[in-house]
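Below: the structure, in structure tokens.
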Amino acid sequence: MSTLDDTDGDQEFGRSFRIPYQYRSLAYRVALYGSGVVLTVLLAFPLYWMAQSAFKTQTALGGFDLLPLGDAFTTATFDIVMDSVVANYLLNSIIVTAGTVIFVLVVSLIAGYGLARFNYRGKVGTARFLLLGYMFSPIVLAIPLYQIWKSLGLINTYIGLILALSAISMPFAVWLMWKYIQTIPPSVEESAWIAGAPRWRGFVDVVVPQTKPAMIANAIFAFAIAWGDFTFSFIILPSADATTFPPGLFRMLGSSTWDTGWNEFMAVALLVSLPPLLFAFFLQSYLLQGFKIRAL
Amino acid sequence: MAIDNERLDRSRRFYEDGFSIGRLEITPDDFWGWLTILPVLGLYTLIALIPIAFAIVASFHSIHLLSPEWQFVGLQNYQKVFRIDEFWGSMWRGSVFMVGSTLLQLVVGVWMALVINKITRGGRILSTFVFTSYLIPTIIVAMVFQFMLDPTDGVLHWLGVDKIGLWEGYLFGNTGTTLFGTVKLAMLATVIISSWKFAAFVTLFTLAQLQSIPDRFYEAAKICGATTWEMFRDITLPRVWGAILVVVFLRAVFMFNKYDIIWQLTQGGPGVSTKTMPILAYDTTFQTSAYGLGNAIAIVMFLFLMAGGIVYLSVLNPSQEVET
Chain B
420 MSTLDDTDGD QEFGRSFRIP YQYRSLAYRV ALYGSGVVLT VLLAFPLYWM AQSAFKTQTA
480 LGGFDLLPLG DAFTTATFDI VMDSVVANYL LNSIIVTAGT VIFVLVVSLI AGYGLARFNY
540 RGKVGTARFL LLGYMFSPIV LAIPLYQIWK SLGLINTYIG LILALSAISM PFAVWLMWKY
600 IQTIPPSVEE SAWIAGAPRW RGFVDVVVPQ TKPAMIANAI FAFAIAWGDF TFSFIILPSA
660 DATTFPPGLF RMLGSSTWDT GWNEFMAVAL LVSLPPLLFA FFLQSYLLQG FKIRAL
Chain Z
-7 MAIDNERLDR SRRFYEDGFS IGRLEITPDD FWGWLTILPV LGLYTLIALI PIAFAIVASF
53 HSIHLLSPEW QFVGLQNYQK VFRIDEFWGS MWRGSVFMVG STLLQLVVGV WMALVINKIT
113 RGGRILSTFV FTSYLIPTII VAMVFQFMLD PTDGVLHWLG VDKIGLWEGY LFGNTGTTLF
173 GTVKLAMLAT VIISSWKFAA FVTLFTLAQL QSIPDRFYEA AKICGATTWE MFRDITLPRV
233 WGAILVVVFL RAVFMFNKYD IIWQLTQGGP GVSTKTMPIL AYDTTFQTSA YGLGNAIAIV
293 MFLFLMAGGI VYLSVLNPSQ EVET
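One line per chain: the protein sequences are B and Z, in this order. Under the working numbering, the first residue of the first sequence carries the number 420, and numbering increases by one thereafter. Under the working numbering, the first residue of the second sequence carries the number -7, and numbering increases by one thereafter.
Listed below in structure tokens is the structure:
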């Protein structure tokens, strides 16, 4: 059987009752691209609806216009949102997220390098042990965490929240970095030592630049955890105007003090969703590369 | 003073290779290795170990949330846990939420991964939205879906009641109630909405596994005259099976412990129809101020998960299949 043509193969096996190749291929394509369209619509519609409602006036919300046109269109929602306490929440979120991403990257890089390059006693045990904490429901940790952080003076500080959020991203980040650095041959680094460079120069100049895909994957996960975190922000930044937006918005939704319509909430939601959307758009191919490194 | 030759040798050896504290000999690998992991371990101790130990100790005490006094009661809290009216109900609802949303995420997630892997045009758009749904904060997902289900301004209401009239008085009960206000459907809505967000997790893992299958496998199968279905069954499925087993395990653990999305959508209601185990623990701790009892519930949850996890892992043994 030397031919690549499917129809020939079918005839050889005497399966003439089969749908001819070209039609099968068409059905397959329809199913594939049809699925693609259906899934895209299912995923995108809530986001699209959020975005277009953010530009609508309150009275126009109830109808079904695919785009806010004419009288329905307004940008006033954004003015209201940015004048309010929301802008403050957003700023806090940006500081906390940036801090968490940087902290996670630096610490996981060092720990991952240690796991990949040093043969120390208890190495595998420690790495496994880190994953145990995932089995515990985070709400239970709330009160003890509050008390520990209070005794350390970390309540209502950015550092306190950054440390807590970094800790949750850490097991996965360290694990990913460990596996990635293992795939980089040590000989490259060793040639730098022979040339007279100290070990840390080998790490900084030779290993670190090569870990880019793993660093991007880690940055995205740390970003997702920090940007969306509700529980820890709620506990560690309890003062109402110093908090990040997830608990801030939840408080607003629950209280009637902030007299707003859905369009203003959707304006906030749009502002808050843009960084993840941009992240996803520009970094998706890198993320896939990062995941290619042996998924568990 | 006599010279201890053995000791001298050892110190010479460790001068070059490492050092020793008393009898403990520390090689440079031990020293540098532990130094690199120390920050992570320190953080982890603060954020997970101490709180977990604290929770275990607290579960043996009777503690009112606002009073500093701890009263040792032994196993009394654990006896109480099983007598809480909502305990078995919450366990049941928690399991329904866990199984339902894990299965839905699995089906949709694998479907998305297969489509993204095979598609040649438009794949970027689909994968962008897949990742976005995962990266968007839970509170935003909860807000947007609440808006879409709003009885006056929501698009699903407009579609179902005003335009098609399909689910007026049927799915939504009376006009003016949301899906979340309907006891029968609140759990279903919560499962669907949380799957909308978390299916991407399954997609990421499956996609990674799919992309690691060498093309030559499919080329060889094509030469042998295999159909698309046969290739899927004999090449794709066995290769991703291990990853799927792991991902189901992770998702089930995460969904069982998940409370923020449920809390933000329904706060456990209407009635108790979406009150899962974490919500029960939260309510017991913060609403009824029984901190010791709340922790006992959490420990029971943890033990339940551990038992389930051990059974799952020993029956299916996914690590073996992933190693291939």
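Glycine included, each C-beta is placed from N, C-alpha and C at the ideal position. Because the structure is a prediction, the values reported are computed rather than measured.
Below the 7 Å Cβ cutoff, chain Z contributes no neighbours of MET501 of chain B, its closest Cβ being approximately 17 Å away. Interface flag for LEU180 of chain Z against chain B is unset, since no Cβ pair is found closer than 9 Å. Within the same chain, no residue comes within 6 Å of ALA546 of chain B by CB-CB distance, once the 5 residues on both sides are set aside. For the region 600 to 617 of chain B, the set of residues with a beta-carbon nearer than 7 Å to any beta-carbon of chain Z is empty.
Within the same chain, ILE271, TYR274 come within 8 Å of TRP255 of chain Z by CB-CB distance, once the 5 residues on both sides are set aside. Counting other Cβ atoms within 10 Å of its Cβ, TYR508 of chain B reaches 16 or more and is therefore classed as buried. Here the region 511 to 523 of chain B lies against the region 645 to 665 of chain B, with 3 or more beta-carbon pairs under 8 Å apart. Not flagged as an interface residue toward chain B: GLN63 of chain Z, since no C-beta distance is shorter than 9 Å. Assigned with DSSP and collapsed to three states, GLU609 of chain B falls in helix. Under a 10 Å Cβ-count criterion, ARG536 of chain B is classified as buried, with 16 or more other Cβ atoms of the shown protein chains found around its own Cβ. For GLN63 of chain Z, there is no enclosing alpha helix (DSSP H); the enclosing beta strand (DSSP E) covers residues 62 to 64. Between the C-alpha atoms of ASP660 of chain B and ALA244 of chain Z there is a straight-line separation of about 35 Å. For SER585 of chain B, the enclosing alpha helix (DSSP H) stretches over residues 577 to 601. By the beta-carbon neighbour count (other beta carbons within 10 angstroms, threshold 16), GLY146 of chain Z is buried. Straight-line spacing of the CA atoms in LEU480 of chain B and LEU35 of chain Z works out to 47 Å.
Relative to the Cα of ALA134 of chain Z, the nearest Cα in the group Z:TRP188, Z:LYS72, Z:PHE79 belongs to Z:TRP188. Using beta-carbon distances, LEU451 of chain B counts as an interface residue toward chain Z, with a partner under 9 Å.
The residue among Z:PRO129, Z:VAL175, Z:PHE172, Z:SER281 with its C-alpha nearest the C-alpha of VAL687 of chain B is Z:PRO129. Residue nearest to ALA105 of chain Z within the set Z:ALA47, Z:ALA235, Z:SER54 is Z:ALA235 (criterion: CA-CA distance). With a cutoff of 9 Å on beta-carbon distance, VAL500 of chain B and ALA491 of chain B are scored as not near each other.
Look at ASP145 of chain Z: its C-beta is under 9 Å from a C-beta on chain B. Residues ASN69, GLY284, ASN287, ALA288, ILE291 of the same chain have their beta carbon placed closer than 7 Å to that of SER51 of chain Z, with the five preceding and five following residues left out of the count.
Sequence-distant Cβ neighbours of GLN471 of chain B in its own chain, meaning closer than 7 Å and more than five residues away, are LEU486, PRO487. The region 616 to 623 of chain B makes no contact with the region 58 to 75 of chain Z: fewer than 3 CB pairs, one atom from each, lie closer than 8 Å. Judged by DSSP in its simplified three-state form, SER119 of chain Z adopts helix. Under the three-state reduction of DSSP output, GLU17 of chain Z falls in the strand class. Proximity of SER119 of chain Z to chain B, defined by a Cβ-Cβ separation below 9 Å, is satisfied. Membership of SER570 of chain B in the alpha helix (DSSP H) is indicated by the continuous run 561 to 570.
Put simply, the backbone Cα of PHE474 of chain B is about 41 Å away from that of THR277 of chain Z.
Per DSSP, reduced to three states, the secondary structure at LYS250 of chain Z is coil, with no helix or strand assignment. Here the alpha carbon of MET223 of chain Z sits roughly 19 Å from the alpha carbon of THR112 of chain Z.
The Cβ-Cβ distance between MET596 of chain B and LEU549 of chain B does not fall below 9 Å. For SER652 of chain B, the enclosing alpha helix (DSSP H) starts and ends at 650 to 655. For THR130 of chain Z, the chain B residues whose Cβ falls inside 8 Å of its Cβ are GLY647, PHE649, PRO665, in order along the chain. Against chain B, the CB of ASN287 of chain Z has a partner CB under 9 Å away; the residue lies at that interface.
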